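Counting in UniProt numbering, the sequence shown runs from 1 upward without gaps. By construction, the Cβ of each residue, glycine as well, lies at the ideal position given by its N, Cα and C atoms. From a predicted model like this one, the values you see are computed outputs, not experimental measurements. Here the structure comes first, spelled out in structure tokens, and everything after it is commentary.
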Amino acid sequence: MSTLLFENQKITSSEFPDNLASGTDFIDCTIEKCNLFERDLTSVNFTNSTFANCDLSMSKLSNTQLNNVIFKDCKMMGIDFSKCIGFLFEVHFYNCILDFCSFEHLKMQGTTFKDSSMKGVDLTGSNLQKSFFLNTDLFDARFSHTNLKECDLSLAYNFTISPTQNNIKKAIFSENNISGLLNEFGIKII
1 MSTLLFENQK ITSSEFPDNL ASGTDFIDCT IEKCNLFERD LTSVNFTNST FANCDLSMSK
61 LSNTQLNNVI FKDCKMMGID FSKCIGFLFE VHFYNCILDF CSFEHLKMQG TTFKDSSMKG
121 VDLTGSNLQK SFFLNTDLFD ARFSHTNLKE CDLSLAYNFT ISPTQNNIKK AIFSENNISG
181 LLNEFGIKII
């Protein structure tokens with residue numbers, strides 16, 4: 001199977017290759033309305049690209065490069081992003097379903113999560129410094145030794161974050177969601 005290069009292209013479901021060789025590159029591409037459920041995207045490189053209205057749930061991303069990749073209106077359940085190449089890893093999510101994904105131990109400073117569902121997500125050991133969680137559901141998300149320094153969580157909801165196990169220095173919370181920081185202390189807020 002030969003390595004492919006897709007550059008400055010709009011790729012729809014009928015045009016997305018069935019089998020991708022290791023090292024295939026997508027540069028400055030828009031990938032729209034593709035069903036990539038359980039697709040093996042191992043060792044594929046995506047740079048300055050956008051996924052829109054795609055289902056990538058359970059996709060395999062071992063050694064996959066995601067460099068400045070935007071996901072809009074995508075379903076992405078159960079993906080292990082921690083297997084991606086960490087160097088130059090940069091992603092942003094808008095109106096996505098990221099339930100049960102893992103971002104364990106990834107460096108993802110400045111990531112945007114907007115209008116998204118992140119139920120049961122694993123953020124253990126991740127560096128999310130200066131990231132934005134805007135109108136994002138973090139029900140049952142796992143935060144342990146996570147760097148949330150200077151994050152904006154003022155519009156996030158349903159989270160439980162231990163201030164003793166995570167770095168929340170200069171993070172922004174709102175009066176409406178501050179109870180998510182106090183659960184471990186058994187404090188009642190009325």
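When DSSP builds the beta bridges, which residues end up paired with Phe132?
-> As a position in the sequence shown, residue 132 is number 132, starting the count at 1. DSSP, once it has assigned bridges, lists Thr112, Asp152 as partnering Phe132.
Return the bridge partner residues of Arg142 from the DSSP annotation.
-> Stepping through the sequence shown from its first residue, residue 142 is reached at position 142. Answer is Asp122.
Pairwise C-alpha distance: His105 and Leu123 | Your numbering for residue 123 matches position 123 in the sequence shown. Your numbering for residue 105 matches position 105 in the sequence shown. Cα to Cα, the separation comes out at about 7 Å.
Measure the Cβ-Cβ separation of Glu150 and Gln165 and say whether it is below 7 Å.
-> Reading the sequence shown from its first residue, position 150 is the one you call residue 150. Reading the sequence shown from its first residue, position 165 is the one you call residue 165. No, they are not a contact pair.
Same chain, Cβ closer than 6 Å to Ile168, five either side skipped, listed in chain order | Working through the sequence shown from its first residue, we reach residue 168 at position 168. These residues qualify, in order along the chain: Leu148.
Does DSSP put Glu184 in a helix, in a strand, or in coil?
-> Taking the sequence shown and counting its residues from 1, the one referred to as residue 184 is at position 184. For Glu184, the secondary structure class from DSSP, reduced to helix, strand or coil, is helix.
For Ile31, write down the residues that DSSP places opposite it in a beta bridge.
-> Here residue 31 is taken as the residue at index 31 of the sequence shown, counted from 1. Partner(s): Ile11, Phe51.
For Met108, which option in Ser126, Leu98, Gly180, Ser117 has the closest C-alpha, if you only look at C-alpha atoms?
-> Your numbering for residue 108 matches position 108 in the sequence shown. Nearest C-alpha to Met108: Ser126.
With distances taken Cα to Cα, identify the nearest neighbour of Phe89 among Thr146, Lys114, Gly23, Phe46.
-> The residue you call residue 89 lines up with position 89 of the sequence shown. Answer by Cα proximity: Phe46.
In its own chain, which residues sit with a C-beta less than 8 Å from the C-beta of Ser131, not counting the 5 before and 5 after it?
-> Residue 131 sits at position 131 when you count from the first residue of the sequence shown. For Ser131, where only same-chain residues beyond five positions count, the Cβ hits under 8 Å are Met108, Gln109, Gly110, Thr111, Thr112, Phe113, Leu148, Cys151, Asp152.
Under 7 Å between the Cβ atoms of Gln65 and Ile85?
-> In the sequence shown, residue 65 corresponds to position 65, counting from 1. In the sequence shown, residue 85 corresponds to position 85, counting from 1. For Gln65 and Ile85, yes; Cβs fall inside 7 Å.
Residue span of the beta strand (DSSP E) that contains Ile70, given as start and end = Taking the first residue of the sequence shown as 1, we reach residue 70 at position 70. Element bounds for Ile70: 69 to 72.
Which stretch, first to last residue, makes up the beta strand (DSSP E) that contains Phe100?
-> The residue you call residue 100 lines up with position 100 of the sequence shown. Here Phe100 belongs to no beta strand (DSSP E), and DSSP marks it neither H nor E.
Nearest-angstrom Cβ-Cβ length linking Asn53 and Asp28, presumed shorter than 8 Å = Within the sequence shown, numbered from 1, the residue matching residue 53 stands at position 53. Within the sequence shown, numbered from 1, the residue matching residue 28 stands at position 28. So it is not a contact: roughly 19 Å between Cβ atoms.
Coarse secondary structure for Phe37, derived from DSSP in three states | Taking the sequence shown and counting its residues from 1, one reaches residue 37 at position 37. Phe37: coil per DSSP, three-state reduction.
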